[in-house]
Each structure stands twice: as structure tokens, then as C-alpha cells.
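What follows is one structure encoded as C-alpha cells, with my remarks underneath.
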Amino acid sequence: MSEAVTPAALDTLFTQARTHNGWRDRPVSDETLHEIYDLLKMGPTSANCSPARFVFIRTPEGKEKLRPALSSGNLEKTLSAPVTAIVAWDSEFYEQLPMLFPHGDARSWFTSSASLAEETAFRNSSMQAAYLIFACRALGLDTGPMSGFDRGKVDAAFFAGTPLRSNLLVNIGYGDASKLFPRLPRLPFADACQLV
1 MSEAVTPAAL DTLFTQARTH NGWRDRPVSD ETLHEIYDLL KMGPTSANCS
51 PARFVFIRTP EGKEKLRPAL SSGNLEKTLS APVTAIVAWD SEFYEQLPML
101 FPHGDARSWF TSSASLAEET AFRNSSMQAA YLIFACRALG LDTGPMSGFD
151 RGKVDAAFFA GTPLRSNLLV NIGYGDASKL FPRLPRLPFA DACQLV
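The sequence shown begins at 1 in the UniProt record's numbering and counts up by one.
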């Protein structure tokens, strides 16, 4: 794993990739969603805890169920996206640790501290959301991650009676480049980094 990826791969994953707001009329197959998950699940999480859970909304009925939770600025781009992923975190993720982390009793680390469990689940599901974005890009798809939604409404509509809690939404599809906003600036190294 010591070989750098090609410049074209860096363009696909980072430098030319964009957050999309509009979508071409091209579906994303269920098989592709399986491929996306099979890639993203390989990304590291602390103690291999893998707390993220994904709901891939791809039907009109699913989109209508999501509609009341969306902010007005995110409504059209979400309803028109071929797929919207709810990236959630399982507040009882530690129940899977005997299988995911079999060489130690990691479950007890989290059953004894609700705050540690919540912080771990939220942080690691956020990382897994990033893996989702990069898996989509690696497979030729575009994404539009969002936090402009009512988490309580999403949780009530999709996760009532479960230990799941929503983290963020990610629209997935084949982007319409004509609806891209100009690329915004990024902080330079000197403003964001330190060498110690």
C-alpha cells in the first residue's frame, strides 16, 4: 500500500470533485449501492466499531417521507437526486463489537460510559460518511453532503423505536455540471496547519 495513486485518481477523489446541487436523469442501481458500501466499510474506525448505518432513499415514497425534515434550500436538490443517503449512527454499536473486535472486550469500554459511546459513534459515523463520499467518487458518482435538515424529524420518520440517530444526509447521483456553484476558496496550509 505504499504506492501513490495516479494524478487522475487524485482529480477524481479530491481536486476536481465537487459538491453537486443538480442531477442528471440517470438512476443509481441497487448493485452500485452495494458496491459503494463494500468500499466504504473498509475504511478504519476506532476499534473497528463501524457505528454508521445507511438508509439509501431511492423511491418517491421515501423522498416524500424525508421531505418534511428538509430545509427549504435543500428541498429541490434532494428530491431530484437519484439517491439520498441518511448516514446515521447506532447508539448501541458496541453490541457488534464481539464480532467486529474479537481480540478484546471492547464492548465493556462503551457499556460503562454512555458519553464515550455517543462521542465514539458520532465521530466514527462522520468518518464513515466521508468514506461514503469517496467511495461514490471512486465509482464515478457525484455527491452532495448536507446538514440542513431537522434531525428530530428524520429520526422520528425513519428510526422511531430504534437506537439509530441521524448524522447527515448525502445526495448521490450523476451531477449536472451546469448547476455547480463556483468553487469556493480553501484555507492555505499556513492558516490551517502547524508543524511542530
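For each residue, glycine too, the CB sits at the ideal point set by N, CA and C.
request  = Determine the burial state of H20: buried for a count of at least 16 other Cβ atoms within 10 Å of its Cβ, exposed for fewer.
outcome  = Against the sequence shown, residue 20 aligns to sequence position 20. Buried: at least 16 other Cβ atoms inside 10 Å.
ask   = Looking only at C-alpha atoms, which of A157, Q128, R58 sits nearest to S29?
value = Along the sequence shown, read from residue 1 onward, the residue named residue 29 stands at position 29. Nearest option by C-alpha distance: R58.
query = What distance in whole Å lies between the Cβ atoms of L39 and A138, which are believed to be in contact at a cut-off of 8 Å?
reply = Indexing the sequence shown from 1 puts residue 138 at position 138. Indexing the sequence shown from 1 puts residue 39 at position 39. Their Cβ separation, rounded to whole angstroms, is 6 Å, which keeps A138 and L39 in contact under 8 Å.
key: Own chain, CB closer than 6 Å to T12, minus 5 neighbours either side, in chain order   = Taking the sequence shown and counting its residues from 1, one reaches residue 12 at position 12. Sequence-distant Cβ neighbours of T12 in its own chain, meaning closer than 6 Å and more than five residues away, are R137.
task = Output the boundary residues of the beta strand (DSSP E) element that contains L169.
result = Within the sequence shown, numbered from 1, the residue matching residue 169 stands at position 169. 164-173 is the extent of the beta strand (DSSP E) around L169.
inquiry  = Between the alpha carbons of residue 220 and F14, how many angstroms are there, rounded?
reply    = This structure cannot settle anything about residue 220, because the visible part of the chain is limited to 1 through 196.
ask   = So, using beta-carbon positions, are R26 and G140 closer together than 8 Å?
value = Indexing the sequence shown from 1 puts residue 26 at position 26. Indexing the sequence shown from 1 puts residue 140 at position 140. Not a contact, by the Cβ cut-off of 8 Å.
Per-residue burial, M146 [other beta carbons within 10 Å of its own, 16 or more giving buried] = One-based indexing of the sequence shown puts residue 146 at position 146. Burial call: buried.
request  = Put G62 into one of helix, strand or coil per three-state DSSP.
outcome  = As a position in the sequence shown, residue 62 is number 62, starting the count at 1. It is helical.
inquiry  = Closest to F110 by C-alpha separation, out of A177, P51, N74, A156, would be which residue?
reply    = Translated into the one-based positions of the sequence shown, residue 110 becomes position 110. Minimum Cα distance to F110 is reached at P51.
message = So if DSSP puts R53 in a beta bridge, which residue, or which two residues, is it bridged to?
response = Here residue 53 corresponds to residue number 53 of the sequence shown, with the count starting at 1. Paired residues: A88.
ask   = Among the residues of its own chain, which have a CB less than 6 Å from the CB of R18, if the five just before and after it don't count?
value = Your numbering for residue 18 matches position 18 in the sequence shown. Counting only Cβ-Cβ distances below 6 Å, and skipping sequence neighbours, we find L180.
message = Going by DSSP, what residue range makes up the beta strand (DSSP E) through G144?
response = Locating residue 144 in the sequence shown gives position 144, where the first residue counts as 1. G144 -> beta strand (DSSP E) spans 142-146.
query = Does the beta carbon of P60 come closer than 8 Å to any beta carbon on chain B?
reply = Looking for chain B here will not work: only one protein chain is present.
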